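Residue numbers (mature numbering (1 follows the signal peptide of the UniProt record, and there is no 0)): -26 to -1, 1 to 370.
Just so you know, even glycine gets a beta-carbon here, dropped at the ideal spot from N, CA and C.
Since this is a predicted model, take the numbers as computed values, not measurements.
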Amino acid sequence: MPLTLVPPRCLAALALALACAPEGGARFDYPPTTAGASEATGSTTAYTTGGDDSRTSGGPGLPPPPTTADPSGATDSDTGGSIPAALIPAKATWRWQPLQAAVDGDWKVAGFDDSTWSEGQAAFGDGPGDATPIDVATAPLGLRLRHTFTVPAAADDVLLRAYLRRGDGVAVWLNGAPLLRSNLPPDPLAADTRAQSDLKGNEPLRYIRVAAPHASLLAGDNVVAVEVRRYQAGAAGLGFDLQLDVWDMSYEPADTLTAQVRTRSYGGEYADEHVGAAWIEGSGGLVRTLAVWAEVREQHLIRWRSLSDGDNADAMTSATRGSHRTTDLSWDLKDRLGQPAAPGAYKLVVEFTEDNSNEGAPPGPVLEIPFTLGGGPHLTEVPAHPQFADGLLVAP
């Protein structure tokens, strides 16, 4: 059935409160809440602090966890038999059990009896700030979780958005059907399947955006089921929280492109240390550099250097990164001369390397995300690439 929404009045503010800043990288639209230096550029506003390896909620460089959607806004959106925009708030209460516990039946569907499972409030994890502490002895492999929400009417082909905190890998199902995942391979997940990457530093504490297009909601009860898996059994770093809402693109900014991408190690000579850059390309070449994390090692970014000649005056710059993480980017739709970009075809390009090109190493991995500027805010498909994950791009 068609989905009619009057989105909550605070939807835009909610997005701001949930966007998470990468340590030392570009980010968008979030006022700093921790001590540190701020640097404003034409393409991004970035906040840099120390504490690269902090694992504490609200620690250096991190915004607070997301807040519950405005109840009045959710009520206002429930018109004409439509569904509320806010489905699951952050810090919700979930049923949970350790992954090693036996489970009888299909625990991902609505009819499953989870009354014997433990109950706790998110966030779950082994960090000191987590509402439901989960130590390694309790869940050496990970967790199963379930949450039920209710909508008044069924809806198909719905675009959902999650603000997801994960440490290390998370898979999410809606009414038994795969909905989204981060840092885990596709189904089926075997008993010994582990997360694909070891999320380090502040990465397990961040809330990333994940799009879930073409979702189907049932009239009445709907069940979200989750598996959280560690990268290594018995290792610290477990973390989970989830906010789920209906994503109305008409409330995305019409004058700003936003994007998100996480780099993944390929086992280079200096891994996990790496340098990288992100920029916009058009038919005539470089349009705007958005971020460079390299300092004096920019010469190893072969493609970006060939286009920019090392000009990063219009970008957010930072040092070589010691671990791989998610980078949030934004573009104000202006070229490097400050002129408005014309509607048409462009690419967001991200490059990084863990090697020294002066020693004959080939160029590092490059991700190209084609998008069209113009026509109103829309979600753009991000191509699959083994060295990049959690990609998302909303073009105006």
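| Mind checking residue 233: buried by the 16 CB within 10 Å criterion, or exposed? | Taking the sequence shown and counting its residues from 1, one reaches residue 233 at position 259. With 16 or more Cβ atoms within 10 Å of its Cβ, residue 233 is classed as buried.
| request: Return the CA-CA distance between residue 350 and residue 227, expressed in angstroms with no decimal places. | output: Along the sequence shown, read from residue 1 onward, the residue named residue 350 stands at position 376. Along the sequence shown, read from residue 1 onward, the residue named residue 227 stands at position 253. Straight-line Cα distance between these residues: approximately 9 Å.
| Range covered by the beta strand (DSSP E) that runs through residue 281 | If you number the sequence shown from 1, residue 281 lands on position 307. Not the beta strand (DSSP E): residue 281 falls in the alpha helix (DSSP H), residues 276 to 282.
| Whose C-alpha, out of 212, 185, 315 and 135, is nearest the C-alpha of residue 72? | Along the sequence shown, read from residue 1 onward, the residue named residue 72 stands at position 98. Selected option, being the one with the closest Cα: 212.
| query | Any Cβ of chain D within less than 8 Å of the Cβ of residue 67? | reply | No chain D appears in this structure, which consists of one protein chain only.
| request: Can you say whether residue 195 is buried or exposed, counting buried as having 16 or more other CB atoms within 10 angstroms of its CB? | output: Residue 195 sits at position 221 when you count from the first residue of the sequence shown. Exposed is the call here.
| field | Cα-Cα separation between residue 322 and residue 253, rounded to whole angstroms | value | Within the sequence shown, residue 322 is the residue found at index 348, counting from 1. Within the sequence shown, residue 253 is the residue found at index 279, counting from 1. About 6 Å.
| task | Please determine, among 326, 261 and 294, the residue with the shortest C-alpha to C-alpha distance to residue 270. | result | In the sequence shown, the residue the question calls residue 270 occupies position 296. Comparing Cα positions, the closest option is 294.
| Thinking just about the alpha-carbon of each residue, which of 157, 112, 185 and 181 is nearest to the one in residue 134? | Residue mapping note: residue 134 aligns to position 160 of the sequence shown, counting from 1. Nearest option by C-alpha distance: 185.
| message | Measuring straight from C-alpha to C-alpha, what distance separates residue 283 and residue 97? | response | Here the question's residue 283 lines up with position 309 in the sequence shown. Here the question's residue 97 lines up with position 123 in the sequence shown. Computed Cα separation, rounded: 45 Å.
| said: According to DSSP, is residue 240 part of a helix, a strand, or is it coil? | reply: As a working mapping, residue 240 is identified with position 266 in the sequence shown. Of the three classes helix, strand and coil, the one that applies to residue 240 here is coil, per DSSP.
| task | Measure the C-alpha to C-alpha separation of residue 92 and residue 70 and round it to an integer number of angstroms. | result | Indexing the sequence shown from 1 puts residue 92 at position 118. Indexing the sequence shown from 1 puts residue 70 at position 96. Residue 92 and residue 70: Cα-Cα distance of roughly 5 Å.
| DSSP beta-bridge partners of residue 302 | Sequence index remark: in the sequence shown, residue 302 carries index 328 (1-based). Note: residue 302 sits in a beta bridge opposite 234.
| Cutoff 6 Å; reference residue 341; Cβ partners in own chain excluding five residues on either side | Mapped onto the sequence shown, residue 341 falls at position 367. Same-chain partners within the cutoff: 324, 359 and 362.
| query | What residue does the beta strand (DSSP E) around residue 214 start on, and which one ends it? | reply | Numbered from 1 along the sequence shown, position 240 holds the residue referred to as residue 214. Looking at the DSSP string, the run of the beta strand (DSSP E) that includes residue 214 is 213 to 220.
| request: My understanding is that residue 200 touches residue 216, with C-beta atoms under 8 Å, so please give their C-beta distance in whole angstroms. | output: Position 226 of the sequence shown holds residue 200. Position 242 of the sequence shown holds residue 216. The Cβ separation is near 7 Å, so the contact holds.
| field | Proximal residues to residue 80 (C-beta, below 8 Å), its chain only, five neighbours per side dropped | value | Position 106 of the sequence shown, counted from the first residue, corresponds to residue 80. 86 and 150, listed in sequence order.
| said: Rounding to the nearest angstrom, what Cα-Cα distance links residue 348 and residue 208 in this structure? | reply: Indexing the sequence shown from 1 puts residue 348 at position 374. Indexing the sequence shown from 1 puts residue 208 at position 234. Distance between the alpha carbons of residue 348 and residue 208: 49 Å.
| Sufficient close CB pairs (3 or more, under 8 Å) joining the region 249 to 266 to the region 293 to 311 | yes
| Based on Cα-Cα distance, which residue from 268, 299 and 247 lies nearest to residue 286? | Numbered from its first residue, the sequence shown carries residue 286 at position 312. For residue 286, the nearest C-alpha among the options comes from 268.
| request: Using a threshold of 8 Å, state whether the C-beta atoms of residue 319 and residue 301 are closer than that. | output: To locate residue 319, count along the sequence shown from 1; it is residue 345. To locate residue 301, count along the sequence shown from 1; it is residue 327. Against a cut-off of 8 Å, the Cβ pair of residue 301 and residue 319 comes out as no contact.
| task | Measure how close the beta-carbons of residue 367 and residue 183 come, nearest whole angstrom, since I'm counting them as under 8 Å. | result | Position 393 of the sequence shown, counted from the first residue, corresponds to residue 367. Position 209 of the sequence shown, counted from the first residue, corresponds to residue 183. Not confirmed; about 10 Å, so no contact.
| query | Considering only residues of the same chain and omitting the five flanking positions on each side of residue 156, which have a CB-CB separation below 8 Å? | reply | Working through the sequence shown from its first residue, we reach residue 156 at position 182. Excluding positions up to five away in sequence, the list reads 138, 140, 143, 144, 182, 184, 363 and 364.
| request: For residue 205, name the three-state secondary structure that DSSP assigns. | output: Taking the sequence shown and counting its residues from 1, one reaches residue 205 at position 231. Residue state, collapsed to three classes: coil.
| task | Taking residue 104 as the reference, give the member of 280, 315 and 179 with the closest Cα. | result | Translated into positions along the sequence shown, residue 104 becomes position 130. Nearest of 280, 315 and 179 to residue 104, Cα basis: 179.
| said: Just to check my reading of the structure: residue 197 and residue 120 have Cβ atoms closer than 8 Å, yes? What is that Cβ distance to the nearest angstrom? | reply: For this step, residue 197 is matched to residue 223 along the sequence shown. For this step, residue 120 is matched to residue 146 along the sequence shown. Rounded, the Cβ-Cβ distance is 6 Å, consistent with contact.
| query | Fully enclosed by the region 57 to 96, which alpha helix (DSSP H) runs are 4 residues long or longer? | reply | none
| Which word fits residue 177, buried or exposed, when buried means at least 16 other C-beta atoms lie within 10 angstroms of its C-beta? | As a first step, residue 177 must be located in the sequence shown, where it is residue number 203. Flag for residue 177 reads buried.
| From residue 249 to residue 255, what distance separates their C-alpha atoms? | Locating residue 249 in the sequence shown gives position 275, counting from the first residue. Locating residue 255 in the sequence shown gives position 281, counting from the first residue. Rounded to the nearest angstrom, the two C-alpha atoms are 19 Å apart.
| In chain order, what residues of the same chain lie with their CB nearer than 7 Å to the CB of residue 297, ignoring the 5 residues before and after it? | Within the sequence shown, the letter at position 323 stands for residue 297. 174, 175 and 246, listed in sequence order.
| task | Spatial neighbours of residue 329 within its chain, please: CB distance less than 6 Å, with the 5 preceding and 5 following residues excluded, ordered by chain position. | result | Translated into positions along the sequence shown, residue 329 becomes position 355. Same-chain partners within the cutoff: 242, 243 and 335.
| query | Below 8 Å between beta carbons: does that hold for residue 354 and residue 305? | reply | One-based indexing of the sequence shown puts residue 354 at position 380. One-based indexing of the sequence shown puts residue 305 at position 331. Not in contact: residue 354 and residue 305 (Cβ atoms no closer than 8 Å).
| Reduced DSSP secondary structure (H/G/I, E/B, other) of residue 371 | This structure does not reach residue 371, given that the chain is present from -26 up to 370, and the question cannot be answered.
| said: If the criterion is Cβ atoms closer than 8 Å, does the pair residue 167 and residue 159 meet it? | reply: Your numbering for residue 167 matches position 193 in the sequence shown. Your numbering for residue 159 matches position 185 in the sequence shown. Result yes, Cβ atoms of residue 167 and residue 159 sit closer than 8 Å.
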